[in-house]
Amino acid sequence: MKPIILFLKSTFFVCLVFLASACKKEQCLDLVLLDSMRAELQSWYVADTIHRNFVITDRNGIHQTLYADKPYRNILEKHVEDDCGNYFGNYNFSIQYNTSVSPIHLMVDIRGAALDYGGFNIEVSYTRTWETTITKKASYDLYKKESIDDQASFKILLDFVQNGFIYDEVLEITFLNTSYPTAIEKVWFAKRSGIIRFDDHQGNSFMRTNVE
Numbered sequence: 524m525k526p527i528i529l530f531l532k533s534t535f536f537v538c539l540v541f542l543a544s545a546c547k548k549e550q551c552l553d554l555v556l557l558d559s560m561r562a563e564l565q566s567w568y569v570a571d572t573i574h575r576n577f578v579i580t581d582r583n584g585i586h587q588t589l590y591a592d593k594p595y596r597n598i599l600e601k602h603v604e605d606d607c608g609n610y611f612g613n614y615n616f617s618i619q620y621n622t623s624v625s626p627i628h629l630m631v632d633i634r635g636a637a638l639d640y641g642g643f644n645i646e647v648s649y650t651r652t653w654e655t656t657i658t659k660k661a662s663y664d665l666y667k668k669e670s671i672d673d674q675a676s677f678k679i680l681l682d683f684v685q686n687g688f689i690y691d692e693v694l695e696i697t698f699l700n701t702s703y704p705t706a707i708e709k710v711w712f713a714k715r716s717g718i719i720r721f722d723d724h725q726g727n728s729f730m731r732t733n734v735e
């Protein structure tokens with residue numbers, strides 16, 4: 524009988540430990556931090572546009588048009604809820620660009636969620652279809668202020684001057700392993716203004732020359 528009683532006691536103890544751990548309250552969401560990060564994330568949103576056109580000029584003075592599509596926004600107010608009754612949403616913003624001459628398509632996705640559910644990041648990608656198709660994508664963590672993957676390096680530039688205009692804050696993206704001549708090597712993405720410049724591996728710079 525004793526072995527059976529000991530077994531039952533040990534089983535009962537294990538069950539109590541399991542129930543205690545299962546009932547343990549999860550850590551509450553840090554709403555102060557999350558609201559601060561949401562404000563930072565949304566400060567990178569580009570002003571609403573409907574096929575707004577920008578002039579871009581390369582180093583040889585050749586002009587072409589950079590077409591910006593109307594941005595897409597989506598908000599889910601209650602994405603995560605904790606045991607304290609707090610909840611936080613999910614925020615998505617994206618904008619696409621196409622060029623009139625060079626076969627280049629660029630896209631920026633800005634996403635925000637609670638830190639354990641995706642976090643706050645900016646993803647920049649492009650596709651260039653000339654001679655061969657080149658596609659690159661890289662993501663920046665706004666909370667940690669570092670690259671999420673090994674596809675690019677990032678810098679935050681303050682008071683960035685281009686064509687006589689000062690941009691308060693610009694994210695400089697340098698794609699890695701861009702050995703193909705026509706591959707885009709760098710992209711500059713400005714707060715509220717969007718993509719203002721990109722360079723290819725050959726050293727050609729395409730800069731927005733009109734500011735809106």
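Using the working numbering, the first residue of the sequence shown is number 524, and each one after it goes up by one.
Glycine included, each C-beta is placed from N, C-alpha and C at the ideal position.
Looking only at its own chain, which residues have a Cβ that is under 7 Å from the Cβ of residue i, when we skip the five neighbours before and after it?
| i | result |
| --- | --- |
| Ser728 | Asp581, Arg582, Arg720 and Asp722 |
| Leu557 | Phe611 and Ala637 |
Hey, quick one: how far does the beta strand (DSSP E) through residue i stretch, first residue to last?
| i | result |
| --- | --- |
| Arg596 | Tyr595 to Glu604 |
| Val631 | Ile627 to Gly635 |
| Ala713 | Ile707 to Ala713 |
| Glu654 | No beta strand (DSSP E) holds Glu654; DSSP gives it neither H nor E. |
| Thr622 | Tyr610 to Thr622 |
| Val684 | Ala675 to Gln685 |
| Thr701 | That residue, Thr701, is in no beta strand (DSSP E); it is neither H nor E in DSSP. |
Closer than 6 Å by C-beta to residue i: which residues in its own chain qualify, once you throw out the five before and the five after it? Chain order, please.
| i | result |
| --- | --- |
| Tyr595 | Ser617 |
| Val710 | Val647, Ile696 and Phe721 |
| Thr732 | Val578, Thr580 and Asn686 |
| Gln619 | Asp592 and Met630 |
Helix, strand or coil: which one does DSSP assign to residue i?
| i | result |
| --- | --- |
| Gln587 | strand |
| Arg561 | helix |
| Val693 | strand |
| Leu556 | helix |
| Tyr663 | strand |
| Leu638 | helix |
| Ile645 | strand |
| Gly726 | coil |
| Ile718 | strand |
Am I right that residue i and residue j are in contact with their C-beta atoms under 8 Å? What's the rounded C-beta distance?
| i | j | result |
| --- | --- | --- |
| Leu629 | Leu564 | About 20 Å; that fails the 8 Å criterion. |
| Gln725 | Phe698 | Not confirmed; about 14 Å, so no contact. |
| Trp567 | Ile689 | Their Cβ separation, rounded to whole angstroms, is 17 Å, which puts Trp567 and Ile689 out of contact at 8 Å. |
Keeping to the same chain, check which residues put their C-beta closer than 8 Å to that of residue i; ignore five residues upstream and five downstream.
| i | result |
| --- | --- |
| Tyr703 | Thr655, Ile657 and His724 |
| Leu552 | Val603, Asp605, Cys607, Asn609, Tyr610, Phe611 and Ala637 |
- Message: Check whether the segment 631 to 649 and the segment 606 to 616 touch, using three or more Cβ-Cβ pairs below 8 Å as the test.
- Response: yes
- State whether the segment 643 to 661 contacts the segment 680 to 687, with contact taken as three or more CB pairs (one from each stretch) at a distance under 8 Å. no
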